[in-house]
Amino acid sequence: MHPALSYPALKSVLEYVVVEKRIHLTSRSKFLQRIDKTIPVYAKSFSIWGDLSLDGFQFNVKHQSWDKNMEDEKNGELLRSYLKQRSSVNINLACFSKVKTSEDIPVKLDLTVNKLQTICCNLDAVIPMIDPRSFPITELSMALNEPTNVDLEIVRSAKRVIFSTSKEVIGLEKLPNKRMYLRCQPLTDVVRIIKYWIQHGKEVGTEYSTGYSTNSDLRNMMANLQEEFSRSRGYSEEINEHCLSGFSIPLSSTSKLLVYGIGKHLDQLILKVV
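Taking full-length UniProt numbering, the leading residue of the sequence shown gets 1, the next gets one more, and so forth.
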């Protein structure tokens with residue numbers, strides 16, 4: 001008969017067991033559950049997108065899935081019970097879709113994340129679930145379907161930010177971030193950013209890029225921006241054979257803002273402080 005594993009050995013084994021197997025194993029033993037609570041949970045992905053999923057182990061949030069079988073029901077209860085017992089879960093990528101209120105989330109969560117993605121969510125419902133120890137988040141991606149105030153600490157501290165929206169992004173121009181990617185950003189937002197930087201300055205090395213669906217959309221944006229800022233103090237046309245014609249505006253005695261388009265394959269507008 002093999003000798004029983006010691007407490008440290010069991011702890012070491014559980015820590016490196018994949019999440020789904022770990023949940024099943026600990027559900028069968030109160031002793032293992034006590035050990036498990038002392039071990040951090042690390043998962044590659046967590047998502048709420050109709051279902052709640054932890055590394056692919058999932059259950060239906062609203063319990064309305066017509067084709068859910070008994071095994072799915074059992075697994076769902078195991079996952080719900082497991083998460084309720086955790087003070088914190090460490091996630092590489094957390095994704096929330098259409099989370100509007102706390103009722104869309106079946107358990108109280110405290111997530112330490114590396115990357116965060118939100119899709120058409122109420123940020124007031126999502127952000128309280130993110131442990132501040134996550135800051136600065138490596139990559140923050142937000143798809144917004146309504147005007148939203150983004151002048152928040154979770155955004156301001158993120159290393160890379162991606163916004164996808166055609167709606168107004170309130171507070172966008174005030175963000176201190178040096179790296180940002182914007183999808184389908186309206187002219188009003190881009191104008192507001194440039195005007196704010198002209199008035200308040202911006203750190204050298206900052207680069208914001210905005211993607212457009214077609215080259216004609218990009219060219220129209222460039223034409224509108226040139227018309228808007230052509231009378232600005234120090235305005236100068238910038239010509240580069242590798243880019244669409246752009247312009248520069250001084251921000252200080254030692255820095256200037258370059259505004260230009262990349263029209264080959266990418267169709268991006270670039271705001272760059274040099």
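All residues carry an ideal CB built from backbone N, CA and C; glycine is no exception.
N-terminal and C-terminal residue of the alpha helix (DSSP H) that residue 277 is part of: Residue 277 lies beyond the range of the chain shown here (1 to 274); nothing can be said about it.
Can you give me the C-alpha to C-alpha distance between E237 and I249, rounded to a whole angstrom? As the crow flies, the alpha-carbon of E237 is around 9 angstroms from that of I249.
Exposed or buried, S6, counting other C-beta atoms within 10 Å across all chains shown (16 or more means buried)? Its Cβ having fewer than 16 others within 10 Å, S6 is exposed.
CB-CB length for L144 against V126, believed under 8 angstroms: About 12 angstroms separates the Cβ atoms of L144 and V126, ruling out a contact at the 8 angstroms cut-off.
Those residues which DSSP pairs with Q185 across a bridge: DSSP, once it has assigned bridges, lists no residue as partnering Q185.
Could you pull out every residue in the same chain whose Cβ sits closer than 6 angstroms to the Cβ of M180, ignoring the five residues on either side in sequence? Once the five neighbours on either side are set aside, the close Cβ partners of M180 are V161, Y208.
For R133, which residues in the same chain have their Cβ closer than 8 angstroms to its Cβ, ignoring the five residues on either side in sequence? These residues qualify, in order along the chain: T112.
On the three-state DSSP scale, how would you describe R219? In the three-state scheme derived from DSSP, where H, G and I count as helix and E and B as strand, R219 is classed as helix.
Roughly how many whole angstroms lie between the Cα atoms of K21 and S102? Computed Cα separation, rounded: 28 angstroms.
May I ask you to list the residues that DSSP assigns as paired with I130? Beta-bridge pairing links I130 to L111.
Starting from the C-beta of L251, find all residues in its chain whose C-beta is less than 8 angstroms away, skip the five residues before and the five after it, and write them out in chain order. Excluding positions up to five away in sequence, the list reads W197, I198, G201, K202, L257, V273.
When you compare each of I130, P40, E173 to V190 by their alpha carbons, which one comes out closest? When each option's Cα is compared against that of V190, the closest is E173.
In whole angstroms, give me the CA-to-CA distance for P40 and Y16. For P40 and Y16, the distance between alpha carbons rounds to 10 angstroms.
In the DSSP output, what is P250 paired with across the bridge? DSSP lists K256 as partners of P250.
Looking at the unbroken alpha helix (DSSP H) that takes in E20, where does it start and where does it end? 19-27 is the span of the alpha helix (DSSP H), which, as asked, contains E20.
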